[in-house]
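Residue 1427 in my numbering sits at position 319 of the sequence shown, and the numbers go up by one each step.
Okay, so here's the structure we're looking at.
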Amino acid sequence: MIRNKYKPVKRWKKKNATLIKQLKRKQSFYGQKTNTDQVKLKKVIPFSNNKRPYLQAKQSKWRIPTVFTISSLILTILVIPTLIVVPSGKSESSQEIATIAEELDTAAKIEESPFAVEVMRSTTKTVEDIPLEDYVAGVVASEMPIEFELEALKAQALAARTYLVNHLLHGNEASEYDVTDTVQHQVYRSEEELLAEWGSKYTERMNKIREAVNATKGEILTYKDAPITAAFFSTSNGYTENSEDYWESELPYLRSVESPWDKDSPKYLHQNTFTIEQVETALEIDLPNETPLFLEEARTESGRVKELGIEGHSFSGRDIRDKLELKSSDFTIEQNNGHLVFTTEGYGHGIGMSQYGANYMAKEGKTYQDIVKHYYQGVEISTVNDTTPTLVSK
């Protein structure tokens, strides 16, 4: 007599209807679509194998809670810590930053400053009194790549301090503050802002900045015993610019000098493409669209554009750079199917110290004194105390 091997299964299902409902609810909770009957038919073994189907049911009953428990544990370990850290949007967690802050007691300290600087903070719209040397450190950290050589950072510290002192002597006395923290003067960021940005690298990087600042403590650049306009920029076209070729004033220490290292700078070459309409809008002129444009140009000693004529309209190289937001005033123009392609060499106005040039000079073994005396002709290194005693006593 042949047994119906599925009959015991039907009896088992009838007897364990409650268990099946529980399984279906759990499968529904996990979003499963599997048919419970199919699951049981696969797991139940006929009586000919001398095994009871209810044994398989018991195994299933215990397996699902076990899987649920393990899944919950994994979820707790992996997901919850992520939810705590990720929303901050910062590369370092608040706990790591707190730990770094505690370590700052062992970090290098900024030397004592002779006076404080009133800085208008652009984010809070409040004026902060910041000790001179702390201000210089915040400027160096913001204006020059931290990866640069130490001697280049020292040169930047000297230029930043000189720029500030010269501005304090000749700036707007009616202003409620000395400088802003933007490119209007010099970019400045506080230690708290740098800590939030650098995270675990803060102590190492800030120690490097402070070493550069302390090594030049109180030093400024002077020409005939007066602080200079210590202009600086990113990358030259191979030469720096005479001050009168970009600004109105001719300054004897801001002369065009060679800076051949800059051609290896990653910021040396850029290209911008504009439609004729975009150029018309930026320069506020009308240009022909069907025929090639008539262009004339005159260049400065350093090779930058001094004057550019476009269809009878005349502009300075600086005007073109500013209005089209080009990286440099050393540019060439190519006309191509109703577009003008501007290719620039260098990055910045080109006057004073090239930052990338300073870094390459430092790599060649030059000191910060060598660097500043190359880019600022005929200058001396003096001190704030000796040169501007009125600032020290304010």
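Each residue gets a CB set at the ideal place from its N, CA and C atoms; glycine is no exception.
Note that this is a predicted model, so its numbers are computed, not measured.
- Item | P1368 versus E1284: straight-line alpha-carbon distance, rounded | 42 Å
- How is T1343 classed by DSSP in three states: helix, strand or coil? strand
- Return no unless some Cβ of chain D is closer than 8 Å to the Cβ of E1226. Although the question refers to chain D, the structure presented lacks it and comprises just one protein chain.
- Query: Helix, strand or coil for I1489 per DSSP?
  - Reply: strand
- Message: Rounded to the nearest angstrom, what separates D1494 and G1417 at their Cα positions?
- Response: 49 Å
- Could you tell me which residues DSSP pairs with Y1331 in its beta bridges? A1334
- Query: Would a C-beta distance cut-off of 8 Å place T1381 and V1487 closer than the cut-off?
  - Reply: no
- Message: Helix, strand or coil for Y1243? Go by DSSP, reduced to three states.
- Response: helix
- Query: Taking the alpha-carbon positions, what's the G1139 to V1295 distance?
  - Reply: With a pLDDT of only 47 at G1139, under 50, the local geometry of the prediction cannot be trusted, and no value is derived from it.
- CB-CB under 8 Å to P1360, same chain, minus the five flanking residues each way: which ones, in chain order? Y1331, Q1485 and G1486, listed in sequence order.
- Message: By the DSSP assignment, the beta strand (DSSP E) with V1480 in it spans what residues?
- Response: No beta strand (DSSP E) holds V1480; the alpha helix (DSSP H) holding it covers Y1476 to Y1483.
- Task: Compute the beta-carbon to beta-carbon distance between A1339 and G1460, rounded to the nearest angstrom, for a pair I have assumed lies under 8 Å.
- Result: The beta-carbon separation of A1339 and G1460, rounded to 3 Å, stays under the 8 Å limit for a contact.
- Query: Is the beta carbon of D1370 less than 8 Å from the beta carbon of Y1464?
  - Reply: In contact: D1370 and Y1464 (Cβ atoms closer than 8 Å).
- Query: Where do the ends of the alpha helix (DSSP H) carrying N1315 lie?
  - Reply: That run of the alpha helix (DSSP H) goes Y1310 to A1323.
- Item | Buried versus exposed, by CB contacts within 10 Å (16 or more), I1336 | buried
- How would you write the range of the alpha helix (DSSP H) that E1385 sits in, first residue to last? In this chain, the alpha helix (DSSP H) harbouring E1385 covers I1384 to L1391.
- Tell me whether E1409 is buried or exposed, calling it buried when 16 or more other Cβ atoms sit within 10 Å of its Cβ. exposed
- Task: Assign K1471 to one of two classes, buried (16 or more other C-beta atoms within 10 Å of its C-beta) or exposed (fewer than that).
- Result: exposed
- Query: Can you tell which of L1432, A1320 and L1401 has the C-alpha that lies nearest to the C-alpha of E1241?
  - Reply: A1320
- Query: For L1448, which residues does DSSP report across the bridge?
  - Reply: F1382 and Q1443
- Spell out a yes or no on whether the segment 1224-1244 and the segment 1261-1269 are touching, meaning 3 or more CB-CB pairs, one atom from each, closer than 8 Å. yes
- Message: Counting C-beta neighbours from all protein chains within 10 Å, is the total for I1479 16 or more, i.e. buried, or is it exposed?
- Response: buried
- With 16 other Cβ atoms within 10 Å as the buried cut-off, status of V1291: exposed
- Query: Using the C-alpha atoms, what's the distance from N1467 back to L1261?
  - Reply: Looking at the two C-alpha atoms, the distance is approximately 8 Å.
- Item | Under the three-state DSSP convention, the category G1417 falls into | strand
- Message: Let me check understanding here. Comparing Cα to Cα, which of E1388, S1221 and F1341 lies closest to H1447?
- Response: E1388
- Using a threshold of 7 Å, is the CB atom of E1312 nearer than that to any non-hydrogen atom of the ligand MN? You won't find the ligand MN in this model; it holds no ligand whatsoever.
- Less than 8 Å separating the beta-carbons of G1425 and F1341? No, they are not a contact pair.
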